[in-house]
C-alpha cells in the first residue's frame, strides 16, 4: 500500500479507518490547508522562463507524500495557531525539500526518483541545478511572507545544516571507516533537520514558550531520524516501482547506511575483503547484492537498524506529551508509530 | 592592470591617484568595513565538514574584486548609515555571488575561473553543487542578522531573479534566434539584479524614502547591465590569465551575447551559414574564432555593444544625482565611468 500522493478527503471516518495510513488521516484533518498549500506551490512555480514551470510540473506530478508540509501544518494546528502564515511556510518547506532532491539527483546520477524518470535524466544536469536554485530562492520568498525573523532564522539555519549534511554524506560514500556516530550525524543533518524546522514552526507562529518550541523541534528531529533509518532498511527490500526505488540502490552507489556499518563491523576476514572490493572499490558483480543481503541477515543488521529507529520513535513520542490531546496529536502519534512499522 | 584582489590601504592620496582604478579608491575609502567583511566571510566558511572550508579557502584565494560587497558598503555610506548591519549584508551578497559562480562552473564545465582551476575541475561536480548550496544557505543566515524583513524580501527576490536568469540563459545557448531584448533580459536577471539589490540595501538600512531606494536600485541595475555588456566584449579581447579568461570562451560555449546578435542580424547568406554551423550546431574549427571576430569588426559589433553599455552608464550616473556630494559619491561616479572604459 503506497503512501497517498495527494490530499484526499474521506467521505466518512470509517473509510479513513480502513485506509489505516496515518498520513491519510493527517491529509483528512488538514484538507483545506493542504489544498491551499498545493495551490500556492503551483502558483509559485510559475515563471516567464518556460523551462521552470515545465520542470516544476514534472516535480509536482511526481507527487511524493508531502510529509514535510503536512508536519508544518500539523504543528501549527497542534498549537492552536489561528493565522495563515503556516500556508506559505508549508509550501516553503516543500520547496526546500524539492530543491534538495533535484540537486541530489544531479549528484547521485540516479535515474529514478519516485517512480518517474528523474528530472536530470530528462533535462540534463544544467537545468536541474539551476531550477533547484530557483526553488530554493522561491522558498525564501515564501518564508518572508510569514513576516518573522525568528522563522527565517530557523529555516535558513536548517538549510545550512542540510547542505552540510549532503557534503558530509559525500565524504562517507564508499567509505567503510564511517562509524554509526558519523552516519547518525549525516542523517540528522540531511533529513531530520528539515523535519525539525517544520515542526518548530507551529509553536513559533502560535507564540508558545521556548519549552514547547524545543519539544516540537525535538519531535521532528527524532521522527526524521527514525524515518531515515527505516528508509535505509527499505532500500534493501523489494523494488518499489511506485516509489521509484530499486532494491539495493544504496549498495550500488556506495552509500553507507547502518546495515552496512553493522555488517562490516562484525565481518570476518573473508567478508571484510568482500566489502572492500564491492563497496569501497565499487567492483560489483550482479550476484554481490544478494551476498551483501545475506550478511545483513547473518548479523541481524536490519533488525538492529529498526531497533535503533524504534529508540528514536520512543523519544519522539515523549516530546508529544507536552501537548494537550487532540485529533491532530492522535494522528501525529499514529504517524510516529507508522514510520517505524511501515513496509514501504 | 588587473583589478586589485584585496582590500588595500594606500599610504597617501597621491599613490591612490596613480593607481587610477576607482575600485582601489572604494577599497581605500571603505577599508575598515571591507576588512570586517573579509573576516566575516572567512568565519562563515567554517564547518565541521572538512571539504567545506577547503573548497571555501580555494574560492577566497581565487579572490575576485569583491565588487558587490563594495557596492553594498558604498550604498550604506552614501546614505550616511551609521549601524553595522551592512557588514553581514555585504558578506551575504558575496556568498550569493560565489554560490552562483560555483553552480555556473558546474553548468558550463569551464576549466578556469579567475585564473585558477575551477572548483569543479578540482573537486568534481558533486561538491560544487553542494558547497554552492551551503554558501547560499549561509548567505540567508547572514541576511537574517540584519533583522529586517524588507532586506530579506529584497535579497530573496533578487536570488529568484538570478536563478531565473541563469535558466533563461540556458535557453538562449546555441540559439541564434535570441534577440537583443531577450539578451538584455537575461543579463538584467543574472548579473544586474544582484548589483541592484546590493545598492538598494544602503538606503533601506538608513531608512531613506522610497525615492532614494529606487534611485540606488536603478543605479545598481544600470551599472550591472553596463558591466556585463562590457564583459561580453572583453571576452573576445586577448586572453587574461589573471582573470582566468580565455579569449572567445563565449563563442566556444555557444553563449549568445550582443556582438553575436549584431553580427548575425547583419550577416549575408554565407555568413549566416557560418554562424549556424559554428554557433548553433557547435561544429567549430580552430580558425573559426578568428573569422567570427572578423565579422564583429565588419559590423562594428564591439563598438555598438560598448555604445549600448554607455547608454546604461549615462542612466546610472543620472540616478546618483539624487544624493549629496561626498567622496563616496565621487568614487561611485568614477567607478561607473571606469566600468565602460576598462580594458580588463
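Chains as they are written, first to last, in my numbering: chain A, 40 to 383; chain B, 40 to 383.
The beta carbon of each residue, even a glycine, is placed where N, CA and C say it ideally should be.
Computed from a predicted structure; not experimentally measured.
Buried/exposed call for residue i, threshold 16 Cβ in 10 Å
i: residue 202 (chain B); result: buried
i: residue 357 (chain B); result: exposed
i: residue 167 (chain A); result: buried
i: residue 346 (chain A); result: exposed
i: residue 248 (chain B); result: exposed
i: residue 308 (chain B); result: exposed
i: residue 180 (chain A); result: buried
i: residue 336 (chain A); result: exposed
i: residue 148 (chain A); result: Because the pLDDT at residue 148 (chain A) is just 44, under 50, the model does not fix this residue reliably, and the point stays unresolved.
i: residue 366 (chain B); result: exposed
i: residue 65 (chain A); result: buried
i: residue 364 (chain A); result: exposed
i: residue 263 (chain A); result: buried
i: residue 250 (chain A); result: exposed
i: residue 144 (chain A); result: buried
i: residue 78 (chain B); result: exposed
i: residue 252 (chain A); result: buried
i: residue 72 (chain B); result: buried
i: residue 152 (chain A); result: Caution is warranted here: a pLDDT of 42 is assigned to residue 152 (chain A), below 50, making its placement in the model unreliable, and the coordinate value is therefore given only provisionally. Residue 152 (chain A) comes out buried.
i: residue 324 (chain A); result: exposed
CB contact flag (residue i, residue j, <7 Å)
i: residue 209 (chain B); j: residue 128 (chain B); result: no
i: residue 353 (chain A); j: residue 375 (chain A); result: no
i: residue 177 (chain A); j: residue 199 (chain B); result: yes
i: residue 340 (chain A); j: residue 379 (chain A); result: no
i: residue 254 (chain A); j: residue 383 (chain A); result: no
i: residue 233 (chain B); j: residue 197 (chain B); result: yes
i: residue 312 (chain B); j: residue 287 (chain B); result: no
i: residue 88 (chain B); j: residue 195 (chain A); result: no
i: residue 86 (chain A); j: residue 92 (chain A); result: yes
i: residue 62 (chain A); j: residue 104 (chain A); result: yes
i: residue 370 (chain A); j: residue 334 (chain A); result: no
i: residue 13 (chain A); j: residue 268 (chain A); result: The structure shown has nothing for residue 13 (chain A), since chain A only spans 40 to 383.
i: residue 331 (chain A); j: residue 290 (chain A); result: yes
i: residue 275 (chain B); j: residue 305 (chain B); result: no
i: residue 137 (chain A); j: residue 174 (chain A); result: yes
i: residue 215 (chain A); j: residue 314 (chain A); result: yes
Helix, strand or coil at residue i according to DSSP, with G and I counted as helix
i: residue 210 (chain A); result: helix
i: residue 123 (chain B); result: coil
i: residue 395 (chain A); result: With chain A covering only 40 through 383, there is no way to say anything about residue 395 (chain A).
i: residue 308 (chain B); result: helix
i: residue 216 (chain A); result: coil
i: residue 184 (chain A); result: coil
i: residue 342 (chain B); result: helix
i: residue 323 (chain A); result: coil
i: residue 245 (chain B); result: coil
i: residue 236 (chain B); result: helix
i: residue 164 (chain A); result: helix
i: residue 380 (chain A); result: helix
i: residue 363 (chain B); result: coil
i: residue 288 (chain B); result: helix
i: residue 141 (chain A); result: helix
i: residue 171 (chain A); result: helix
i: residue 295 (chain A); result: coil
Residues of its chain near residue i, where Cβ-Cβ distance is below 6 Å and the 5 sequence neighbours each way are ignored
i: residue 132 (chain A); result: 107, 108, 111, 237
i: residue 235 (chain A); result: 256, 259, 260
i: residue 207 (chain B); result: 225
i: residue 204 (chain A); result: 225, 228, 229
i: residue 142 (chain B); result: 171
i: residue 6 (chain B); result: Only positions 40 to 383 of chain B appear in this structure, which leaves residue 6 (chain B) out of reach.
i: residue 242 (chain B); result: 118, 251, 252, 255
i: residue 69 (chain A); result: 112
Residues near residue i in its chain [Cβ-Cβ closer than 7 Å; skip 5 each side]
i: residue 219 (chain A); result: 297, 300
i: residue 293 (chain B); result: 212, 213, 318, 321
i: residue 59 (chain B); result: none
i: residue 373 (chain B); result: 61, 64
i: residue 368 (chain B); result: 117, 359, 362
i: residue 310 (chain B); result: 334
Chain-order list of residues whose beta-carbon lies under 8 Å from that of residue i (same chain, five-residue window excluded)
i: residue 244 (chain A); result: 115, 118, 120, 122, 124, 125, 128, 185, 187, 190
i: residue 80 (chain A); result: 99, 130, 133, 134
Residue i beta carbon near the ligand COA (any heavy atom closer than 6 Å)
i: residue 335 (chain B); result: Of the ligands one can find in the structure shown there are none, so the ligand COA has no counterpart to examine.
Taking the runs of the alpha helix (DSSP H) that are 4 residues or longer, which of them lie wholly in the segment 74-108 of chain B? Within the segment 74-108 of chain B, the complete alpha helix (DSSP H) runs of at least 4 residues fall at 90-101.
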